Every structure is written in structure tokens, then in C-alpha cells.
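The structure appears below as C-alpha cells.
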Amino acid sequence: MTLQVRIDQELCISSGKCVADEPAAFAFDDDELSLVLPGAALLSDDRLRRAARMCPGQAIILVDEAGQQVDVQ
Ligand code: SF4
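Residues in the sequence shown are numbered from -9 upward in steps of one, following my numbering.
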């Protein structure tokens, strides 16, 4: 993985999409908001991009090596 991933919990609507599709990379915290697991580092950029694209809250933020946010739409 070359992209870094984080969750903007202000945008997460607890849909569970990322947790269901990529359980090694995302999980719910005690408030049922998504958080990033260490397993996210093992996902390909394509899978991270897909997870971000599929997030209904656009809460999955990807950042490239230059520190720029990646547009996944
Ligand atoms: S897919 Fe998006 S809105 Fe749904 S749980 Fe994951 S981060 Fe939250």
C-alpha cells in the first residue's frame, strides 16, 4: 500500500459497508463509528480506493505519498 487511510468519524454514518467488505482493515468502535485497523496496511491501493468510493458518508480519506488527499469519486 502506498496510500494512507484514515476515517473522518464526523462523516461516518455507521453503514457498516467498509467493515463488511474489508474486515481486516476496518472495524466499529464502541460508538459504531468506523476506525482503521493495522490490516489496512496490507490492502492494495485499488481495494482502498474501492472502499473509499463505496462509503456512503465519504468518510474514508485516502492520502498519497505527497500528503495530498486522493479523489476517489
Ligand atoms: S462505509 Fe463509510 S459510513 Fe459506512 S461504516 Fe465505513 S466509514 Fe462509516
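By construction, the Cβ of each residue, glycine as well, lies at the ideal position given by its N, Cα and C atoms.
Being a predicted model, the structure only gives us computed values, none of them experimental.
Excluding sequence positions up to five before and after R39, its CB lies within less than 6 angstroms of the CB of V62, all in the same chain and listed in chain order. If you look at A10, you'll find it in the alpha helix (DSSP H) that goes 7 to 11.
Separation of M44 and Q59 (C-alpha to C-alpha, rounded to the nearest whole angstrom) is 17 angstroms. Per DSSP, the continuous alpha helix (DSSP H) segment holding A41 begins and ends at 35 to 44.
Remark: the C-beta of G6 is in contact range of the ligand SF4, defined as less than 6 angstroms to any heavy atom. The closest CA to that of K7, considering only G57, I50, D36, is found on I50. For V26, the enclosing beta strand (DSSP E) covers residues 24 to 26.
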